[in-house]
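Heads up, the sequence shown is in my numbering, so the first residue is 118 and it goes up one at a time. Glycine included, each C-beta is placed from N, C-alpha and C at the ideal position. None of these values were measured; they are calculated from a predicted model. Read the structure below first, then the notes.
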Amino acid sequence: MGDIDINVKNFLKINSVFAQLFEKGVYHGTAHIEYDKLKELDTAGQDIIEYGRRNFKELERLRDAEKITMLFENRAAFQVIMGIEGQTDIHYYMPVRCMEIDAVSYSVQCRKISQKARETKNLKKYANGVPKGTKIVPVVTLVFYTGTKPWDGPLSLYDMLDVSESMKDWLLQATPDYRMNLIDTRHMTPEQINEYDGDLKAFLLMLQERFDEEQLKTALATHRETWYALSRIKHDNRYTEYIDSISDQELEGGIYMDATLDYIEKRGEKRGEKRGERRGEKRGENRGLDLAAELYQILAKEARLDEWNEAVKNKNKMMDLLREYSLIKD
């Protein structure tokens with residue numbers, strides 16, 4: 118199903134990361150969450166769904182991160198259960214999946230209230246439902262997508278219904294829509310990323326196709342989980358190697374992400390180039406790489422790889438060798 122790795126789950130559970138995702142990614146700055154008041158919940162939601170009189174099916178959903186806290190809006194404050202579903206691949210019935218997960222959360226709340234009411238004699242032993250006037254806690258789910266392909270799946274239940282667009286307004290009379298909250302992490306604009314700060318901003322910046330050096334200078338991260346998550350998502354162990362070389366004392370004050378980039382591109386690669394471009398001089402994009410590959414093959418045949426290793430580190434040496442074999446002209 119494209120579920121995310123445990124390292125990414127641990128990153129999402131950082132209170133400052135979790136809170137910002139909902140404050141700014143879901144409520145767009147209209148709500149406030151006190152980071153230190155977030156309370157982590159058991160991410161396994163279970164309920165029994167009855168089919169007919171005798172057949173039962175257990176439904177279980179595991180959220181990647183789920184917390185409960187007070188949500189502060191200008192006019193009110195109330196409890197909210199917030200859950201994150203991480204996706205590495207596009208899920209083409211994700212709105213239905215989110216709706217199902219939220220429904221289970223509401224159902225679990227009701228069944229717990231019902232059970233407690235029976236125990237306290239506020240509900241008859243064999244009665245159905247909950248006491249009159251019962252209130253339950255709102256639930257909101259956010260899909261945190263880290264795939265390389267831009268999300269092109271449905272964003273609401275109505276995107277999936279086999280009904281013409283002209284009929285959907287009419288259909289709302291009896292069939293409610295269900296909208297999905299989504300953050301497509303790899304395809305955000307610089308302006309969107311700048312809405313965040315701390316580890317979340319650092320994480321989002323390092324996921325982009327091209328690194329923005331100026332933005333990286335302002336991104337300060339303080340949790341090792343940030344680098345571990347990047348390492349797993351980008352399949353690049355250098356992020357883990359880098360943060361493991363940093364002491365707890367150094368990390369306590371925070372690490373600016375341009376220092377991470379210095380380590381990742383320590384062979385002198387130009388910042389801002391696409392991830393995956395190799396070290397060495399670039400003379401005319403692919404042409405430069407072709408020349409370097411051709412020179413390497415020549416030197417390998419002539420048992421001169423020591424000179425190749427020297428040339429990789431020394432621009433003048435590289436140019437001299439290219440001229441020696443007439444691969445370039447003065």
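In terms of Cβ geometry, Arg355 and Tyr380 form a close pair [threshold 8 Å].
Collapsing the DSSP output to three states places Ile121 in coil. Annotated three-state conformation of Asn298 is strand, per DSSP. According to the DSSP assignment, Thr339 belongs to no alpha helix (DSSP H), since it is labelled neither H nor E. In the DSSP assignment, Leu188 is bridged to Ile150, Phe195. Here Val256 is bridged, per DSSP, to Ile198. DSSP, reduced to helix, strand and coil, places Phe261 within a strand of the structure shown. When the Cα atoms are used, Trp268 and Arg214 turn out to be separated by approximately 16 Å.
The criterion of a C-beta distance shorter than 8 Å is satisfied by Thr263 and Leu324. Secondary structure remark: continuous beta strand (DSSP E) runs of at least 3 residues inside the region 206-239: none found. DSSP places Gly142 in the helix class (H, G or I) of the three-state scheme. Here Ser222 is buried: its Cβ has 16 or more other Cβ atoms, across all protein chains shown, within 10 Å.
Here Phe261 is buried: its Cβ has 16 or more other Cβ atoms, across all protein chains shown, within 10 Å.
If you draw a straight line from the Cα of Leu278 to the Cα of Val257, it is about 22 Å long. A direct Cα-Cα distance of roughly 42 Å separates His304 from Thr251. Setting aside the 5 residues that flank it on each side, Leu317 is surrounded in the same chain by Val134, Gln137, each with a C-beta closer than 6 Å to its C-beta; the list follows chain order. By the Cβ rule, the region 370-379 counts as touching the region 323-338, because three or more pairs are nearer than 8 Å.
When C-alpha distances from Tyr373 are compared across Glu411, Ala319, Thr186, the shortest belongs to Ala319.
In this structure, Gly270 sits away from Tyr313, with a CB-CB distance that is not shorter than 8 Å. Rounded to the nearest whole angstrom, the CA to CA distance from Leu158 to Glu183 is 6 Å. Look at Ala346 here: in three-state DSSP terms it is helix.
Its Cα nearest to that of Asp206, the residue Lys266 stands out among Pro255, Ile253, Lys266.
A buried status is given to Asp219, since no fewer than 16 other beta-carbon atoms sit within 10 Å of its beta-carbon. The Cβ atoms of Ala346 and Asn132 lie no closer than 8 Å to each other. The alpha-carbon of Lys351 is positioned some 11 Å away from that of Thr357.
Glu202 is classed as buried because its beta carbon has at least 16 other beta carbons within 10 Å across all chains shown. Less than 8 Å divides the Cβ of Ser231 from the Cβ of Val247.
Glu427 is positioned such that its CB atom lies no closer than 8 Å to that of Leu416.
Here DSSP, grouped into helix, strand and coil, assigns Gln137 to helix. The bridge partners DSSP lists for Gly203 are Phe261.
Taking each of Arg349, Gln414, Thr306 in turn and checking the Cα distance to Asp329, the smallest one comes out for Thr306.
Relative to the Cα of His145, the nearest Cα in the group Leu444, Ile310, Phe128 belongs to Ile310.
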